[in-house]
Structure formats: C-alpha cells, structure tokens
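Heads up, the numbering used here is the position in the sequence shown plus 84, with the first residue counted as 1.
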Amino acid sequence: MGEERFKGIFRPEGEVPPNCRLEEACEQREYLVDGELRRWEGALQEVFSPVLIEQEGRLLRKRIGSYPLLGEAEALGALEAAARAYDHGSGRWPTLRVEERIRSVERFLRGMVEKMKERKG
C-alpha cells in the first residue's frame, strides 16, 4: 500500500500556488520570557511540514524551520516569570479587565509584527 495510495494527491513543490509557498524557512532563535525576547545559542529542533511534496517520484516532508530546544534552567526561568506575573491571582495580568487584556494582546502582536519586519529588513 505505502505511498502509492497518495499518488496524485500531493504535488511537486513548483505547483504549490505562490500565495501558499513558504519562501524561506523560519529559523527561530529567540524565546519569550518575562516580557523580553532572549537569544538562544543552544540546540534546535527542526520542523517539517505535515503536507507532503512530491520530488522525483517520492513523497517528502519539506523542512520549514527550527525552534529552540530550551533546557531545564530556561524552563524553570519561564515558570518563575509566569508565577511572578500571576502572583497567586493578584498579579497585573489576572486582575486586568478583559478589554485591557485584549488591548495588551493586540499591542503585543503589533510589536511582534514589527520585530518580524525588522528581521526581514
């Protein structure tokens, strides 16, 4: 059975519509903790598309990027920052009104979009 049952479903990469193509892999080297982006110089996890492409008669998963494989120290640091922010339900975030949370998330997203534009610069 194998790959034969998928013949004709998955197309060569060149046939993917331009608006659906990933022109370059997303190589994530930063992670967000305590409201700041931190640079990661350690190991990375590769990410492959769940959508197969046909290449020379074979079905392959295209590599689309990587993300940091953070260690125990980084995980504990993120957990501590989250616990400080939550502060047993009395922190700034959990006490904000819903409208203020929405505005905060929108502001965060605008900032992330700007950072992405700077990186592509």
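Using N, Cα and C, we set each Cβ at its ideal position, and we do this for glycine too.
Every value quoted in this text rests on a predicted model; they were computed, and no experiment measured them.
Could you give the DSSP three-state label for residue i: helix, strand or coil?
| i | result |
| --- | --- |
| S150 | strand |
| E184 | helix |
| F132 | strand |
| E99 | helix |
| R203 | helix |
| R194 | helix |
| E125 | coil |
Distance check for residue j and residue i, CA to CA, integer angstroms please.
| i | j | result |
| --- | --- | --- |
| R168 | E107 | 39 Å |
| L116 | R122 | 6 Å |
| E138 | P101 | 15 Å |
| E99 | K201 | 27 Å |
| L136 | N103 | 17 Å |
| D171 | L180 | 13 Å |
| K199 | P96 | 33 Å |
Report the partner residues of residue i according to the DSSP bridge assignment.
| i | result |
| --- | --- |
| C110 | G149 |
| E142 | Per the sequence shown, the amino acid found at residue 142 is Arg instead of Glu. Q139, per the DSSP bridge assignment. |
| message | Three Cβ pairs or more, each shorter than 8 Å: is that satisfied between the stretch 131–146 and the stretch 155–173? | response | They do not touch, by the three-pair rule.
| task | Mind the definition here: the stretch 147–158 touches the stretch 128–139 only if three or more C-beta pairs lie below 8 Å; say whether that holds. | result | Here the stretch 147–158 lies against the stretch 128–139, with 3 or more beta-carbon pairs under 8 Å apart.
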